[in-house]
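The block underneath contains the structure these notes are about, expressed in structure tokens.
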Amino acid sequence: MIFKIHLIYEIFSMKTSTNQYSQLLLCLLLLSAVICLGWYILSIKAIPWQILVAQSLIATTLIVRAWLFLRAEYPKHHHSAQPDFLSSNSLLNSLSDGVLVIDKNGKIKFFNQQAFLITGYKPDEALDIHYSSVLRFFTKDNSPLPTAEDPVVISQQTYDVSRLDMINLRTYSDKVIPVAVQAAPIKDDSNEILIAFRDISRELDREREQLEFISTASHEMRTPIATINGYLGLALNPKISQIDAKARDYIIKAQSAVEHLGELFKNLLSISKAEDKSITINNQVIDLIDFIGKICDDFQPQIASKDIKLVFAPLANRTRVLNPAILIYTDKDLLREVISNLIENAIKYTNQGTVTVNITTKDNNMAQISVSDTGIGIPPEDIPHLFQKFYRVDNSQTREIGGTGLGLYLCRKIIEQLHGRIWAESKLGKGSTFFVELSRIDQFKATKIKAHEQRQQAATQSASVDAANS
Ligand code: ADP
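The opening residue of the sequence shown carries number 751 in this note's numbering; numbering runs sequentially from there.
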């Protein structure tokens, strides 16, 4: 009884808690039955009309309260798992990303508060106009973003998610800010696209500061490391210093650690330059077979101490005589750094057998350089991570071979800047092949580039002669 009175009180006072939902319904049913019974008895015996009115009022109140309760509680429990995000403007307005929804014609149908704060366009100015008038995307060198690269266009065409991690956006006041953009179709019949974008200026500033620090630290460390290495070399030189066998052993170990440190700082410096995009790229026409052949020659002394043969396949197979030159237009120093790194690794991770460097062409417009070895190979699960910063395969074989885990990362960064592709294939215990793919140019284009370069060189020379005479 106390239980029922408590529930009745709750119904009247609307204090019903959600976990008593079923008890409430039960109570409601019981009360309705009691009232119906009372009604029936009353209709037989003539009871005063005031009691009849009071009973009706109680019954009506109960029904109204129960209905109000159901109306308030039902949506909470049955719809909260899948809220309708798109109709919830307040939710989209509270996001820290700029959000737009465009219709199938590209007209803006929704524009949140953050989109206004980033672009400077007020929602009432932006609504119903084409998104490209508000989201004015520009490439890193500040030319308008080609339509084929616009993530919104790509998403409209492919009906899939498309993103750009960094692109410039020109705001209402013509300020240029870097943003990350993602466009995704709303999967219903509306053909609408949801565009989310974020101002990444602060992230880039932070990244730049970190790179500056790494670059300065690496640069400053190189001189003391070279000095330490020099002195250790002098200590090991029997003509200069007399040391016992134990000291010699310690110094050899110290020298190897210092060399490792030197290598680490050298790589860090190159990486910070590559990440900062401050590498100067001096493109030149390169005859790949001549160029890579010379790099291979430079490695011959290094393999003399190992039971390895270094084969440069194009010359070994004499394909040079049969095939035309494979020409590319790229930066010699950067490409040399990448190929040297790959050959160095192939030698380092191969105990015996052959390291083969080859050059092939693909579809007549791509040149492919491959460095294969018959070494320890790479487990399949490590292959996707090889080009990540500081990644080293960790097994009993690699643990004994020194390294920084930065070489392949640097290769990837450089090849990205040269607009090429780098990847690896490997079989554990059998060997690995690393591939680099770059655009090829034909003889006609190469001649034109060379002629242009000669004209420019002549113009610079005559300008400096003029300057010297005046
Ligand atoms: P590291 O200085 O450790 O050699 P890299 O970035 O050059 O750094 O290479 C990353 C890892 O990839 C290496 O630690 C090694 O485990 C693996 N690796 C690279 N090249 C080869 C190869 N030719 N054969 C086997 N493993 C390789």
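All residues carry an ideal CB built from backbone N, CA and C; glycine is no exception.
Determine, using beta carbons only, whether residue i and residue j come nearer to each other than 9 Å.
i: ILE945; j: PRO928; result: no
i: ARG998; j: LEU986; result: yes
i: LEU982; j: GLN960; result: no
i: LEU1019; j: THR1154; result: no
i: THR1100; j: GLY1179; result: no
i: GLU691; j: ASP853; result: With the chain covering only 751 through 1220, there is no way to say anything about residue 691.
i: ILE1172; j: VAL1088; result: yes
i: ILE1058; j: GLN992; result: no
i: ILE975; j: VAL1008; result: yes
i: LEU1060; j: ILE1093; result: yes
i: ARG913; j: PRO894; result: no
i: MET1116; j: LEU1038; result: no
i: ARG920; j: PHE888; result: yes
i: SER965; j: LYS1016; result: no
i: LEU1158; j: ASN1095; result: yes
Apart from the five residues just before and just after residue i, which ones in its own chain have a Cβ nearer than 7 Å to its Cβ?
i: LYS1098; result: ILE1151
i: ASN1033; result: TYR1079, THR1080, ASP1081
i: ASN1219; result: none
i: THR897; result: VAL903
i: ASP1143; result: It is worth fixing the name first, because residue 1143 is Val in this sequence and not Asp. For VAL1143, where only same-chain residues beyond five positions count, the Cβ hits under 7 Å are ILE1128, PRO1129, ASP1132.
i: SER1212; result: none
i: GLY1170; result: VAL1186, GLU1187, LEU1188
i: ASP915; result: ALA930
i: ASP949; result: ILE868, ILE927, VAL929
i: LYS1003; result: none
9 Å is my cut-off, CB to CB: does residue i come that close to chain B?
i: LEU914; result: The structure shown contains no chain B, having only a single protein chain.
Could you tell me the distance, in whole angstroms, from the CA atom of residue i to the CA atom of residue j?
i: GLU875; j: GLU962; result: 41 Å
i: SER1090; j: ILE1045; result: 7 Å
i: THR977; j: ASP910; result: 57 Å
i: VAL849; j: LYS872; result: 13 Å
i: PRO833; j: ASP924; result: Because PRO833 carries a pLDDT of 40, less than 50, the predicted location of this residue cannot be relied on, and no value is offered for it.
i: LEU877; j: GLN1167; result: 39 Å
i: PHE860; j: ASP847; result: 13 Å
i: THR1197; j: GLN1207; result: 15 Å
i: ASP1216; j: ILE1164; result: 38 Å
i: LEU867; j: TYR881; result: 16 Å
i: ASN1145; j: GLY1127; result: 11 Å
i: ILE990; j: ILE1021; result: 38 Å
i: PRO1130; j: ILE1199; result: 42 Å
i: GLN906; j: ASP939; result: 13 Å
i: THR1210; j: ALA1201; result: 14 Å
i: ASN855; j: ILE936; result: 14 Å
i: GLY1043; j: ALA995; result: 42 Å
i: GLU715; j: GLU970; result: Because residue 715 is not part of the residues shown, which for the chain are 751 to 1220, the question remains open.
i: PHE835; j: SER883; result: Because the pLDDT of PHE835 is 48, which lies under 50, any placement of that residue in the model is unreliable, and the question is left without a value.
i: LYS1056; j: GLU957; result: 42 Å
i: GLU1203; j: ILE879; result: 47 Å
i: ILE1031; j: TYR1000; result: 43 Å
i: ILE1053; j: THR908; result: 51 Å
i: THR1110; j: SER1214; result: 42 Å
i: PHE1049; j: PHE1041; result: 13 Å
i: SER1176; j: THR1183; result: 6 Å
i: ARG1205; j: LYS890; result: 29 Å
i: THR1124; j: ALA934; result: 45 Å
i: SER968; j: GLU1025; result: 14 Å
i: GLN1193; j: LYS1112; result: 16 Å
i: SER1120; j: ALA1174; result: 9 Å
i: PRO1134; j: ASP955; result: 29 Å
i: LYS1195; j: THR1104; result: 36 Å
Please look up how many angstroms separate the CB atoms of residue i and residue j, rounded, as I've assumed it's under 8 Å.
i: ASN1108; j: PRO1064; result: 7 Å
i: PHE1239; j: GLN1138; result: With the chain covering only 751 through 1220, there is no way to say anything about residue 1239.
i: THR1106; j: SER1122; result: 5 Å
i: LEU842; j: ASN862; result: 5 Å
i: LEU1156; j: PHE1140; result: 7 Å
i: VAL926; j: ASN979; result: Actually they are not in contact, since the Cβ atoms of VAL926 and ASN979 sit about 46 Å apart, beyond 8 Å.
i: THR973; j: TYR922; result: In fact, because the Cβ distance is near 50 Å, the residues do not count as touching under 8 Å.
Please go through the same chain and pick out, in chain order, the residues whose beta-carbon is closer than 8 Å to the beta-carbon of residue i, but skip the five residues on each side of it.
i: ILE1036; result: LEU1077, ILE1078, TYR1079, THR1080, LYS1082, LEU1085
i: GLN864; result: ASN843, LEU845, SER846, ASP847, GLY848, VAL849
Within the same chain, show all residues whose beta-carbon is closer than 6 Å to that of residue i, passing over the 5 residues directly before and after it, in chain order.
i: PRO988; result: none
i: VAL851; result: LYS859, PHE860, GLU942, LEU944
i: ILE1191; result: LEU1077, TYR1079
i: PRO1051; result: none
i: PHE1062; result: GLY1043, CYS1046, VAL1107
May I ask you to check if the CB of residue i is nearer than 8 Å to at least one heavy atom of ligand 2?
i: LEU1158; result: No copy of ligand 2 appears in this structure; the ligands present are ligand 1.
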